[in-house]
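Undergrad: In the numbering used here, the protein residues as written are 1 to 268. Don't be surprised by glycine CBs; every beta carbon is placed ideally from N, CA and C. Nothing here was measured: the structure is a model prediction, and the numbers come from that model. This structure is in structure tokens; I'll ask about it shortly.
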Amino acid sequence: MTATADDLALALELADVADSITLARFRATDLVIETKPDLTPVTEADKAVERTLREHLAGVRPDDAVVGEEYGASDSPASGRRWIVDPIDGTASYVRGIPVWATLLALEDSGEVTVGVVSAPALGRRWWAARGAGAHALDGLGAAPRRVQVSAVSKLEDAQLCFSDGETWAQRGRLDKLLALSARCWRTRGFGDFWQYMLVAEGAADIGCEAIVSLWDLAAPQVIVEEAGGTFTDLAGEARADGGDALATNGLLHSETLALLGRSPRVP
């Protein structure tokens, strides 16, 4: 399904709103931080972004559902459309003053993600894609948007691998597989979160993977990587953003990487 220009324009507008909120509170000495039941941090900025975007969408797209990290899912409308919101991907970095965090926005229409925006204002970077229209990036204020494309690296021995952390791979009992893949690759860096997928999309890295991850972490990166010419699946090889884990590659390396890293499909 092809996204409309209006949908992409709205997603970019929402990203602008989010950036104004997150940047205003980044590195604030009085930032309010709480701990969620899963022991991950959440800040006043996370909550403010999601509340504001939900309110905006209720006004301009009242027939669209919303699912977000902080406030869950709204009622599903008959339209079959829903916006997927991660107000701050990389909250742990945000609270420590590390600029590698982003707001992730995606539109899913009839089960397919058709629009994705990843906005990292502290880095001065933004990436976006609409189904059928390619993937693009903006590298700072005043820069012209550029189309991004995955790399042409075809051998693991020449590939750069990115991953979020070793702990979650150990929790899943799959750290040995990650280490085996790393040993095959030319270079490994733990960039993590949205950053690894955007590096794959623009051809700076060749493989990005996570062992434990949620829908709102992956929906926007999925369409951006795919529109950049890459392949995005879960670790069972299914092209989905809700599989609980993820693998993004330039496409040329996907089958070989899955053979080393993959798992069997989960039983519904």
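1) Which of the three DSSP states is assigned to W216 in this structure?
2) Could you tell me which residues DSSP pairs with Q196 in its beta bridges?
3) Can you have a look at A180 and say buried or exposed, based on whether 16 or more other CB atoms are within 10 angstroms of its CB?
4) Hey, would you say R82 sits closer than 7 Å to E108, going by beta carbons?
5) From the DSSP output, which residues share a beta bridge with E55?
6) Could you tell me the alpha carbon to alpha carbon distance between L269 and L178, rounded to whole angstroms?
7) In chain order, what residues of the same chain lie with their CB nearer than 8 Å to the CB of D139, ignoring the 5 residues before and after it?
8) Checking 7 Å against the spacing of the C-beta atoms, do A205 and Q160 come in under that value?
9) Report the three-state DSSP secondary structure of V95 (helix, strand or coil).
10) Could you compute how far the alpha carbon of S20 sits from the alpha carbon of L14?
11) Verify whether the separation of the beta carbon atoms of V117 and M198 is less than 7 Å.
12) Do P41 and A92 come within 7 Å of each other at the CB atom, strictly closer than that value?
13) Put W169 into one of helix, strand or coil per three-state DSSP.
14) So what does W83 bridge to, in DSSP terms?
15) With a 10 Å radius around its C-beta and 16 neighbouring C-beta atoms as the bar for buried, classify T29 as buried or exposed.
16) Tell me the DSSP bridge mates of A143?
17) For the candidate residues L247, E55, T188 and D193, whose alpha-carbon lies nearest to that of R263?
18) If T103 sits next to I84, beta carbons under 8 Å apart, how far is it from one beta carbon to the other, in whole angstroms?
19) Taking C-alpha atoms, which residue in G237, R189, E70 and H56 lies nearest to D16?
TA: With the given structure in hand:
1) Here residue 216 corresponds to residue number 216 of the sequence shown, with the count starting at 1. W216 falls in the helix class under three-state DSSP.
2) Counting from 1 along the sequence shown, the entry for residue 196 is found at position 196. Answer by DSSP bridge pairing: none, since Q196 is not bridged.
3) Indexing the sequence shown from 1 puts residue 180 at position 180. Label assigned to A180: exposed.
4) Taking the first residue of the sequence shown as 1, we reach residue 82 at position 82. Taking the first residue of the sequence shown as 1, we reach residue 108 at position 108. Yes, these two residues count as a Cβ contact at 7 Å.
5) Locating residue 55 in the sequence shown gives position 55, where the first residue counts as 1. E55 pairs with nothing; no bridge assigned.
6) Here the chain has residues from 1 to 268 only, and residue 269 is not among them.
7) Within the sequence shown, numbered from 1, the residue matching residue 139 stands at position 139. Contacts found: G124, R125 and R146.
8) In the sequence shown, the residue the question calls residue 205 occupies position 205. In the sequence shown, the residue the question calls residue 160 occupies position 160. In this structure, Q160 lies closer than 7 Å to A205 by Cβ.
9) Looking up residue 95 in the sequence shown gives position 95. If DSSP states are grouped into helix, strand and coil, V95 belongs with the helices.
10) Residue mapping note: residue 20 aligns to position 20 of the sequence shown, counting from 1. Residue mapping note: residue 14 aligns to position 14 of the sequence shown, counting from 1. Each residue's Cα considered, the two are about 10 Å apart.
11) The residue given as residue 117 occupies position 117 in the sequence shown. The residue given as residue 198 occupies position 198 in the sequence shown. Against a cut-off of 7 Å, the Cβ pair of M198 and V117 comes out as no contact.
12) Position 92 of the sequence shown, counted from the start, is the residue given in the question as residue 92. Position 41 of the sequence shown, counted from the start, is the residue given in the question as residue 41. Yes, the Cβ-Cβ distance between A92 and P41 is below 7 Å.
13) The residue labelled residue 169 in the question sits at position 169 within the sequence shown. Note: W169 maps to helix in three-state DSSP.
14) Taking the first residue of the sequence shown as position 1, residue 83 is located at position 83. Answer is V66 and L107.
15) As a first step, residue 29 must be located in the sequence shown, where it is residue number 29. So T29 ends up on the exposed side.
16) Position 143 of the sequence shown holds residue 143. Bridge partners of A143: none, in fact.
17) The count along the sequence shown starts at 1 and reaches residue 263 at position 263. Per the Cα distances, L247.
18) The count along the sequence shown starts at 1 and reaches residue 103 at position 103. The count along the sequence shown starts at 1 and reaches residue 84 at position 84. Between I84 and T103 the Cβ distance is about 12 Å, and since that is not below 8 Å, they are no contact.
19) Sequence index remark: in the sequence shown, residue 16 carries index 16 (1-based). For the residues G237, R189, E70 and H56, the minimum Cα distance to D16 belongs to H56.
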